[in-house]
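Chemist: Right, I'll just put the structure down here and ask away after.
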Amino acid sequence: MKENRNFKVRALGEIAIRCNDVAPMVAFYRDVIGLELMTEADAPIVFFKIAEGFGGHTSVLALFGKAAPVRPGLHPSGEDHVETGAKSSLHHIALSLPYAEQEAVITWYEAIGQQYRVELFEWVGWRGVFTTDPEGNTVELVAYDAALKA
174 MKENRNFKVR
184 ALGEIAIRCN
194 DVAPMVAFYR
204 DVIGLELMTE
214 ADAPIVFFKI
224 AEGFGGHTSV
234 LALFGKAAPV
244 RPGLHPSGED
254 HVETGAKSSL
264 HHIALSLPYA
274 EQEAVITWYE
284 AIGQQYRVEL
294 FEWVGWRGVF
304 TTDPEGNTVE
314 LVAYDAALKA
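Just so we're aligned, residue 174 is where the sequence shown starts under our numbering, counting upward by one.
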């Protein structure tokens, strides 16, 4: 069936997280993770640049406050609203960086008292440094190193 598809996804364009309280989430992704704000921090939807992206579409993280407008049929609301944080269906987000910079991540997290854990995925040569954002979402800073590959 693959030969009939005629397209291939090249990159992740956007991660959007609905938040109970946007302000601490903005502070976390800006001040702890170091993402660059693309909008004002108090906008109804706050956008961060993750990377240059592909084909002119910047890779972004978007934070939607619960007060942000929803689109019926696309964004459940009321009794059908989606859980946020640790109760959501979002397992985790992974952001890539060079392997050499992971030591700086660990040093930074220790300096600011941010809890983290490190996990190796030898089958693909990845190491992830995991933490959680203020709403309980798991955030991984992942890197590849051929020396890790089993």
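Cβ coordinates follow ideal geometry from the N, Cα and C atoms, glycine included.
Tell me, please, which residues DSSP counts as bridged to glycine 286.
Modeler: Within the sequence shown, residue 286 is the residue found at index 113, counting from 1. Per DSSP, glycine 286 has no beta bridge partner at all.
Chemist: With burial defined as no fewer than 16 other Cβ atoms inside 10 Å of the residue's Cβ, what is the status of alanine 408: buried or exposed?
Modeler: Outside the displayed range of the chain (174 to 323) lies residue 408, so it cannot be described from this structure.
Chemist: With distances taken from CA atoms, which of Thr280, Met198, Ile188 and Cys192 is nearest lysine 239?
Modeler: The residue you call residue 239 lines up with position 66 of the sequence shown. Answer by Cα proximity: Cys192.
Chemist: Just checking my contact of leucine 263 with glutamate 295 at CB under 8 Å: how many whole Å lie between their CB atoms?
Modeler: Translated into the one-based positions of the sequence shown, residue 263 becomes position 90. Translated into the one-based positions of the sequence shown, residue 295 becomes position 122. In this structure leucine 263 does not touch glutamate 295 by the C-beta definition: roughly 25 Å separates them, more than the 8 Å allowed.
Chemist: Less than 8 Å separating the beta-carbons of leucine 234 and isoleucine 218?
Modeler: The residue you call residue 234 lines up with position 61 of the sequence shown. The residue you call residue 218 lines up with position 45 of the sequence shown. Not closer than 8 Å, so no.
Chemist: Give the list of continuous beta strand (DSSP E) stretches no shorter than 3 residues that lie fully inside the region 175-231.
Modeler: 187-192 and 218-227
Chemist: Do arginine 300 and valine 312 have their CB atoms nearer than 8 Å?
Modeler: Working through the sequence shown from its first residue, we reach residue 300 at position 127. Working through the sequence shown from its first residue, we reach residue 312 at position 139. Not a contact, by the Cβ cut-off of 8 Å.
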